[in-house]
């Protein structure tokens with residue numbers, strides 16, 4: 662059966678005649694198997710036309726089979742089915758059916774449903790994330806970035822970072838870090854200087870470090886000086902891992918912290934050139 666399904670996907674991609682007539686009609690769990698193969702295919706390509714795969718899903722009822730499994734399931738199993746739907750070509754029937762699960766009692770189900778809606782409605786990305794209502798975790802932001810890498814969502818970091826919504830700002834920071842957008846220096850420094858929002862200010866500071874941008878800036882110096890001891894230690898470890906030399910962070914640290922930083926650099930065994 663697996664070979665038949667593989668051949669089916671290949672024929673659809675190649676637009677060969679008769680590609681929808683392979684013997685899958687009586688295959689057990691054909692809907693789930695076909696969905697997994699279509700998902701693997703869409704994961705490995707960028708910006709392809711979703712219509713052939715959508716036609717294939719409709720022909721074999723893949724969307725109906727998965728939606729039925731979603732209705733029968735709960736918790737992590739339901740979330741798993743929704744995550745698979747998010748990897749498939751968006752269908753209007755799926756979007757209508759999945760919207761109800763944005764209010765599911767389980768957090769993992771609500772987020773999985775959000776991914777399905779984001780994939781189905783790229784123009785509504787900002788609104789959907791803004792009304793999610795719960796702070797996105799790093800793992801959840803990573804899942805949204807995965808949709809970006811597949812070309813399903815628009816990449817526009819500045820409106821995100823400059824938004825008043827914290828989830829949109831988290832996503833904007835993740836985009837800047839993931840795609841190494843060095844031109845975002847100004848908005849990152851502005852965010853670091855927002856003393857009222859420590860969570861996002863710290864995330865912006867780490868993003869500057871990940872981009873290996875100069876840290877001897879007034880906003881950075883002020884923020885680091887008011888850090889709690891444990892937070893500063895973790896930040897120092899991160900900067901050592903990123904390859905910053907002592908000279909590059911000297912003005913941010915006192916004498917004792919400088920000695921500690923030298924030890925961290927030696928611990929990570931990095932060969933650093935002090936400028």
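Numbering (this note's numbering), first residue to last: 662 to 936. Where a beta carbon is used, it is the ideal one built from N, C-alpha and C, also for glycine. Note that the structure is a prediction, hence the values are computed from the model and not measured.
My guess is that residue i and residue j are in contact by the Cβ rule of under 8 angstroms, so how many angstroms apart are they, rounded?
i: residue 699; j: residue 718; result: 7 angstroms
i: residue 870; j: residue 899; result: 6 angstroms
i: residue 838; j: residue 822; result: Not a contact, Cβ separation roughly 11 angstroms.
i: residue 696; j: residue 752; result: Not a contact, Cβ separation roughly 12 angstroms.
To the nearest angstrom, how far is it from the Cα of residue i to the Cα of residue j?
i: residue 893; j: residue 885; result: 7 angstroms
i: residue 859; j: residue 787; result: 23 angstroms
i: residue 732; j: residue 739; result: 8 angstroms
i: residue 920; j: residue 897; result: 12 angstroms
i: residue 804; j: residue 866; result: 22 angstroms
i: residue 887; j: residue 767; result: 38 angstroms
i: residue 778; j: residue 769; result: 14 angstroms
i: residue 918; j: residue 793; result: 41 angstroms
i: residue 729; j: residue 723; result: 10 angstroms
i: residue 694; j: residue 864; result: 40 angstroms
i: residue 902; j: residue 849; result: 20 angstroms
i: residue 895; j: residue 734; result: 41 angstroms
i: residue 765; j: residue 771; result: 6 angstroms
i: residue 861; j: residue 809; result: 21 angstroms
Hey, could you find the ends of the alpha helix (DSSP H) residue i is sitting in?
i: residue 807; result: 799-810
i: residue 877; result: Here residue 877 belongs to no alpha helix (DSSP H), and DSSP marks it neither H nor E.
i: residue 825; result: From DSSP, residue 825 is part of no alpha helix (DSSP H); its letter is neither H nor E.
i: residue 925; result: 916-928
i: residue 755; result: 753-759
i: residue 740; result: 736-747
i: residue 792; result: It is not in any alpha helix (DSSP H) - residue 792 carries neither H nor E in the DSSP assignment.
i: residue 888; result: Careful: residue 888 lies outside any alpha helix (DSSP H) and carries neither H nor E.
i: residue 769; result: 768-781
Apply the 10 Å Cβ neighbour rule to residue i and answer buried if 16 or more other Cβ atoms are within range, or exposed otherwise.
i: residue 754; result: exposed
i: residue 879; result: exposed
i: residue 689; result: Its pLDDT being 43, under 50, residue 689 is placed unreliably in this model, and the coordinates cannot settle the point.
i: residue 750; result: buried
i: residue 915; result: exposed
i: residue 922; result: buried
i: residue 798; result: exposed
i: residue 882; result: exposed
i: residue 928; result: exposed
i: residue 912; result: exposed
i: residue 758; result: buried
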